[in-house]
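Q:
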Amino acid sequence: MDVLQQLAWLMNYVLNDDRFAANVTAIGVGLFVVLLVWLLLRSLLATLWATLSRLSRNPSFKQFGEQAVIGLRNGLWWLFVGASIATLVLGGIYHLFGGDVGREVLAIYNQITPRHVEHWLRTGVYLAALGGTTWYVLRWIRRTCPLLEQWAHRRMGLALKQSNAPEAAKSDSLLTHAFIILERYANATTVLISLLTAGHLLKIGAVTTPFLGFALRVTTVVVLARLLILLFRTFAKPMAGYGDKYFSTGRLNHYWDRLGRLLPLGERCFEMAVYISAATLCGRELKFIHATADSGERLVLCIGIFFGTRVLIELMQVLLNEVFGLYREDHRVSQQARTLVPLLQSVSQYSAYFGGGVWMLKVMGFPTEPILAGAGIVGLAVGLGAQSLVTDVVSGLFILFENQFLVGDYVEIGGAQGVVEAVAVRHTQVRDDQGKLHIIPNGQIKCVVNYSKGFLFATVEVKVPAGADVDFYLKAMAEAGRQLRRTHTEVLADTSIQGIIGASLAETTVRAITKVKPGFHQQIENEFRRLLKGILDQQQGAMIERRAA
Numbered sequence: 000m001d002v003l004q005q006l007a008w009l010m011n012y013v014l015n016d017d018r019f020a021a022n023v024t025a026i027g028v029g030l031f032v033v034l035l036v037w038l039l040l041r042s043l044l045a046t047l048w049a050t051l052s053r054l055s056r057n058p059s060f061k062q063f064g065e066q067a068v069i070g071l072r073n074g075l076w077w078l079f080v081g082a083s084i085a086t087l088v089l090g091g092i093y094h095l096f097g098g099d100v101g102r103e104v105l106a107i108y109n110q111i112t113p114r115h116v117e118h119w120l121r122t123g124v125y126l127a128a129l130g131g132t133t134w135y136v137l138r139w140i141r142r143t144c145p146l147l148e149q150w151a152h153r154r155m156g157l158a159l160k161q162s163n164a165p166e167a168a169k170s171d172s173l174l175t176h177a178f179i180i181l182e183r184y185a186n187a188t189t190v191l192i193s194l195l196t197a198g199h200l201l202k203i204g205a206v207t208t209p210f211l212g213f214a215l216r217v218t219t220v221v222v223l224a225r226l227l228i229l230l231f232r233t234f235a236k237p238m239a240g241y242g243d244k245y246f247s248t249g250r251l252n253h254y255w256d257r258l259g260r261l262l263p264l265g266e267r268c269f270e271m272a273v274y275i276s277a278a279t280l281c282g283r284e285l286k287f288i289h290a291t292a293d294s295g296e297r298l299v300l301c302i303g304i305f306f307g308t309r310v311l312i313e314l315m316q317v318l319l320n321e322v323f324g325l326y327r328e329d330h331r332v333s334q335q336a337r338t339l340v341p342l343l344q345s346v347s348q349y350s351a352y353f354g355g356g357v358w359m360l361k362v363m364g365f366p367t368e369p370i371l372a373g374a375g376i377v378g379l380a381v382g383l384g385a386q387s388l389v390t391d392v393v394s395g396l397f398i399l400f401e402n403q404f405l406v407g408d409y410v411e412i413g414g415a416q417g418v419v420e421a422v423a424v425r426h427t428q429v430r431d432d433q434g435k436l437h438i439i440p441n442g443q444i445k446c447v448v449n450y451s452k453g454f455l456f457a458t459v460e461v462k463v464p465a466g467a468d469v470d471f472y473l474k475a476m477a478e479a480g481r482q483l484r485r486t487h488t489e490v491l492a493d494t495s496i497q498g499i500i501g502a503s504l505a506e507t508t509v510r511a512i513t514k515v516k517p518g519f520h521q522q523i524e525n526e527f528r529r530l531l532k533g534i535l536d537q538q539q540g541a542m543i544e545r546r547a548a
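At position 217 of the sequence shown the residue is numbered 216 (numbering that gives the first Met the number 0), and the sequence of numbers has no breaks.
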């Protein structure tokens with residue numbers, strides 16, 4: 000038998016063998032189903048990525064997503080190839096072991112009764128009604144969401160107009176983005192509920208319900224988290240505008256001024272808490288990470304503790320300023336208040352942060368008793384090891400308690416002479432006349448000259464040339480002192496002319512001292528010199544005119 004005869008015999012065998020033809024047809028149908036599933040999954044992946052790319056505006060997320068989509072697409076291709084090969088291999092094994100798809104299909108057909116047909120028809124009607132209802136609901140969502148969005152825009156426009164919010168356009172775009180997400184979530188939820196119902200109608204709910212229910216729950220959590228964040232961002236600006244309008248004046252203006260600074264931080268904390276809560280709820284749906292998902296609630300509580308600590312610190316700052324009268328409009332604030340308030344604010348801030356940190360550690364499950372006990376030990380060790388630090392702190396406390404100098408005093412400490420800007424526990428800040436800031440450790444302060452206690456003497460020394468009339472200069476200095484007393488309230492007594500305090504062949508030095516209020520000695524000295532110059536010029540001019548006459 001030649002090759003042509005063998006091929007003819009094989010073709011005759013294939014065409015006349017009903018079992019082979021039925022099995023080959025079944026294998027072809029299986030390959031066609033695998034192809035349809037592959038195309039469907041590719042389409043769903045492309046649609047999902049297009050939706051996520053529109054929702055997210057982060058370039059790094061888009062770049063990562065594109066790489067992930069390429070990897071998933073390659074994985075689907077190799078999955079399709081493997082499923083096709085598996086379909087061919089299993090079909091061949093089934094045929095070699097004598098399987099007959101046609102006979103089995105015929106056996107199933109013979110078992111079909113009119114009741115089965117009636118059940119299938121009723122199920123088909125139900126599925127058709129479900130499909131029609133789903134189509135109608137999707138169409139209703141597509142028409143209703145724009146109307147709701149327009150209504151929300153009108154209401155938001157009125158709120159923005161009343162609050163005079165500066166970022167109305169940004170809030171408007173965020174609201175539009177939120178309604179886009181809401182519409183897509185409503186469509187996805189409708190489709191998933193329809194698939195769940197269809198699975199129960201087809202008696203395959205035990206297989207489809209776990210997967211579709213998981214997808215529905217996770218989608219709901221993610222979308223709600225995103226909507227909460229968008230709505231918070233949308234209404235944060237109008238609420239801030241209302242606060243600026245109603246609380247920027249009056250008794251609560253200082254509280255609103257400090258708390259208003261925390262709005263950006265509060266927004267970030269709220270977003271982080273929402274994301275962590277969403278991740279926790281999604282993690283609880285996955286049994287293998289259920290244990291780690293329980294820590295999400297603790298993280299959210301820690302975020303709340305941190306933000307509450309910041310709010311407490313701002314409130315304490317305002318309360319301290321109010322108690323010590325730093326908000327008085329008449330600016331009559333004592334130097335003790337300006338000295339102690341920054342120190343008390345610093346201590347309260349560190350105490351609040353320490354307490355908040357210990358509380359967060361306790362919430363996360365860490366034992367805090369060793370930390371509190373170790374704080375005293377560490378403090379003792381630091382005190383024994385850092386003697387200079389202890390010296391600075393002790394000296395600073397004595398400076399504050401003994402009222403040696405306060406903020407605003409004009410002092411001379413070592414080589415620094417100027418106004419005291421801050422007195423802390425560890426150091427003192429002095430700003431000199433040239434604007435240089437001297438930071439002096441309190442432990443190095445050995446001698447202090449305070450020009451702001453009680454009174455000062457404004458001392459002016461005049462060099463009289465040899466041969467000039469000294470009495471003429473003394474009378475001019477006395478007249479300058481009298482004018483100074485009449486025109487300046489800082490002068491506490493008449494100017495005292497001490498007379499000649501030094502003499503040489505070239506010049507004679509005379510001195511005048513004036514008792515003035517603390518901190519005004521340099522100003523009065525300069526004013527005395529200006530008046531004296533004017534009097535001398537006037538008298539010399541008169542003398543010149545008399546001589547000329």
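Even glycine gets a Cβ: it sits at the ideal position worked out from N, Cα and C.
Assign Pro464 to one of three DSSP states: helix, strand, or coil.
A: Note: Pro464 maps to strand in three-state DSSP.
Q: Suppose the cutoff is 8 Å on Cβ atoms and the five residues either side in sequence are ignored; what does the same chain contact list for Gly498 look like?
A: The answer, listed in chain order, is Leu473, Val509 and Arg510.
Q: To which residues of the same chain is Val580 closer than 6 Å at the C-beta, ignoring the five residues directly before and after it?
A: In the structure displayed, the chain extends from 0 to 548; residue 580 sits before or after that span and is not available.
Q: Identify which residue in His94, Val80, Trp76 and Ala82 has its Cα closest to the Cα of Val23.
A: The option with the nearest alpha carbon to Val23 is His94.
Q: Does the Cβ of Leu34 have 16 or more other Cβ atoms within 10 Å, making it buried, or fewer, making it exposed?
A: Leu34 comes out exposed.
Q: Judging by CA-CA distance, which residue of Leu343, Lys361, Arg425 and Thr494 is the nearest neighbour of Thr390?
A: Among Leu343, Lys361, Arg425 and Thr494, the Cα nearest to that of Thr390 is on Arg425.
Q: What three-state label does DSSP hand Ser276 in the structure shown?
A: Reduced to three states, the DSSP call for Ser276 is helix.
Q: Skipping 5 residues on each side, what residues in its chain have a beta carbon closer than 7 Å to that of Leu455?
A: If we look at Leu455 and ignore the five residues flanking it on each side, its Cβ neighbours are Val515, Pro517 and His520.
Q: Under the rule that 16 or more other beta-carbon atoms within 10 Å means buried, what is Lys236, buried or exposed?
A: With 16 or more other Cβ atoms within 10 Å, it is buried.
Q: Among the candidates Ala205, Val190 and Gln149, whose CA atom is the shortest distance from the CA of Leu215?
A: Nearest of Ala205, Val190 and Gln149 to Leu215, Cα basis: Val190.
Q: So for His115, helix, strand or coil by DSSP?
A: Reduced to three states, the DSSP call for His115 is helix.
Q: DSSP three-state call for Leu504: helix, strand or coil?
A: Correct three-state label for Leu504: coil.
Q: Arg267 and Glu313 look like a contact to me (Cβ under 8 Å); what is the Cβ gap, rounded to whole Å?
A: Contact doesn't hold; Cβ gap of about 16 Å is too wide.
Q: Assuming Ala465 and Gln538 form a contact by the criterion Cβ under 8 Å, report the distance between their Cβ atoms to the nearest whole angstrom.
A: That pair is no contact at about 20 Å.
Q: Return the chain-ordered ranges of every alpha helix (DSSP H) run that is complete within the segment 209 to 246 and spans a minimum of 4 residues.
A: Correct list: empty.
Q: With DSSP collapsed to three states, give me the class of Tyr135.
A: Helix.
Q: State the DSSP-derived secondary structure class of Phe96, mapped to helix, strand or coil.
A: Three-state result, Phe96: coil.
Q: Taking one C-beta from the segment 129 to 149 and one from the segment 175 to 194 each time, how about it: are there three or more such pairs within less than 8 Å?
A: A contact exists between the segment 129 to 149 and the segment 175 to 194.
Q: For the alpha helix (DSSP H) holding Glu313, just list the boundary residues, first then last.
A: Run containing Glu313: Ser294 to Val322, per the alpha helix (DSSP H) assignment.
Q: Leu258 lies in the alpha helix (DSSP H); which residues open and close that run?
A: Asn252 to Gly259 is the span of the alpha helix (DSSP H), which, as asked, contains Leu258.
Q: So, under 8 Å CB-CB, Ala479 and Phe527 are touching, yes? Tell me the CB distance rounded to an integer number of Å.
A: About 6 Å separates the two Cβ atoms, so the contact holds.
Q: So what's Lys514 in DSSP terms, helix, strand or just coil?
A: Here Lys514 sits in strand by DSSP.
Q: Identify which residue in Asn73, His487, Ala21 and Val28 has its Cα closest to the Cα of Arg41.
A: Among Asn73, His487, Ala21 and Val28, the Cα nearest to that of Arg41 is on Asn73.
Q: For Ser350, count neighbouring Cβ atoms within 10 angstroms of its own Cβ and tell me buried if that reaches 16, exposed if not.
A: Exposed, because fewer than 16 other Cβ atoms sit within 10 Å of the Cβ of Ser350.
Q: Need the endpoints of the beta strand (DSSP E) that Ala423 sits in, please.
A: Counting along the chain, Ala423 falls outside any beta strand (DSSP E), and DSSP gives it neither H nor E.
Q: For the alpha helix (DSSP H) containing Val406, list its first residue and its last residue.
A: Premise fails: Val406 is in no alpha helix (DSSP H) and is neither H nor E.
Q: Could you check which residue in Ala197, Leu531 and Leu211 has the C-alpha nearest to that of Val459?
A: If we check each option's Cα against that of Val459, Leu531 comes out closest.
Q: Going by the DSSP bridge assignment, what does Asn449 pair with across the sheet?
A: For Asn449, which the question treats as bridged, DSSP gives the partners Val410.
Q: In the DSSP assignment, find the beta strand (DSSP E) that holds Leu491 and state where it starts and stops.
A: From DSSP, Leu491 is part of no beta strand (DSSP E); its letter is neither H nor E.
Q: At a cut-off of 6 Å, would you count Gly265 as near the ligand MN, judging by its Cβ distance to the nearest heavy atom?
A: With respect to the ligand MN, the structure shown offers nothing to examine, as it has no ligands at all.
Q: Apply the 10 Å Cβ neighbour rule to Gly355 and answer buried if 16 or more other Cβ atoms are within range, or exposed otherwise.
A: With 16 or more other Cβ atoms within 10 Å, it is buried.
Q: Just confirm the distance between the C-beta atoms of Val447 and Gln416, as a whole number of angstroms; I'd bet it's less than 8 Å.
A: Their Cβ separation, rounded to whole angstroms, is 11 Å, which puts Val447 and Gln416 out of contact at 8 Å.
Q: Expressed to the nearest angstrom, what Euclidean distance is found between the alpha-carbon atoms of Leu147 and Pro341?
A: So the two alpha carbons sit approximately 52 Å from each other.
Q: For Phe31, which of Phe353, Lys452, Ile84 and Leu47 has the nearest alpha-carbon?
A: Nearest C-alpha to Phe31: Ile84.
Q: What span of residues does the beta strand (DSSP E) with Leu436 cover, start to end?
A: Residues Leu436 to Pro440.
Q: So, at 6 Å on beta carbons, what are the nonlocal neighbours of Asp254 in its own chain, with the 5 sequence-adjacent residues on each side left out?
A: The residue asked about is misnamed: residue 254 is Tyr in this sequence, not Asp. Val317.
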